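By the numbering used here, the letter at position 104 of the sequence shown is numbered 404, and the numbering carries on one by one without gaps. To start, the structure itself, in structure tokens.
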Amino acid sequence: MRRLIRFFDKLEDRTRSKLSRVPIVYGVIGGTAIVMFWRGVWHLADMFEQSGGLWAILFGAPVSTMISTLILLLAGLFVSFFIGDRIILSGLMHEKKIEEKTENEVRAEGALLKEIYEKLERMEKDLRR
Numbered sequence: 301m302r303r304l305i306r307f308f309d310k311l312e313d314r315t316r317s318k319l320s321r322v323p324i325v326y327g328v329i330g331g332t333a334i335v336m337f338w339r340g341v342w343h344l345a346d347m348f349e350q351s352g353g354l355w356a357i358l359f360g361a362p363v364s365t366m367i368s369t370l371i372l373l374l375a376g377l378f379v380s381f382f383i384g385d386r387i388i389l390s391g392l393m394h395e396k397k398i399e400e401k402t403e404n405e406v407r408a409e410g411a412l413l414k415e416i417y418e419k420l421e422r423m424e425k426d427l428r429r
């Protein structure tokens with residue numbers, strides 16, 4: 301099982317690496333796949349609803365909305381999905397939104413993050429010794 305997970309993890313890394321060089325194509329592929337995934341979920345829910353009985357109640361609009369809202373709230377995904385972590389964090393830290401930052405600010409932030417990452421890497425290596 302680990303080999304299978306590792307295989308798909310490496311495949312995902314290679315795919316992301318290649319697609320990140322062509323962001324418009326990446327966006328089209330990703331957007332299409334997301335829409336197809338949710339279309340499948342939607343149709344599956346419709347199939348359950350049409351089967352009648354308890355399934356019809358659970359997958360009806362009011363109950364499925366309440367159940368999904370509860371699950372999203374319990375999993376901590378409701379706010380981050382609909383608003384986004386980055387927006388919340390930038391508001392709490394009184395930062396500009398990423399689209400409001402200048403290219404130099406974004407590059408400086410990237411360099412700082414890279415520096416922090418490298419320090420963490422060194423610390424991790426030191427801890428392993």
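Just so it is clear, CB atoms sit at the ideal spot from N, CA and C, and this is done for glycine as well. None of these values were measured; they are calculated from a predicted model.
Non-local beta-carbon contacts of I357 in its own chain, meaning distances under 8 Å to residues more than five positions away in sequence, involve V363 in chain order. Inter-residue distance for E424 and V406 is about 27 Å (C-alpha atoms, whole angstroms). For the 8 Å CB-CB criterion, F359 and F348 form a contact.
With contacts defined by Cβ atoms closer than 8 Å, L319 and V328 do not form a contacting pair. Annotation for F381: L372 place their beta carbon closer than 8 Å to its own, counting only its chain and skipping 5 residues before and after. V379 and T369 have their C-alpha atoms some 11 Å from each other.
In the three-state DSSP reduction, T365 falls in the helix class (H, G or I). For T365, the closest C-alpha among the options R302, A345, P323, G410 is that of A345. Cα atoms of L374 and E415: separation of roughly 35 Å, rounded to the nearest angstrom.
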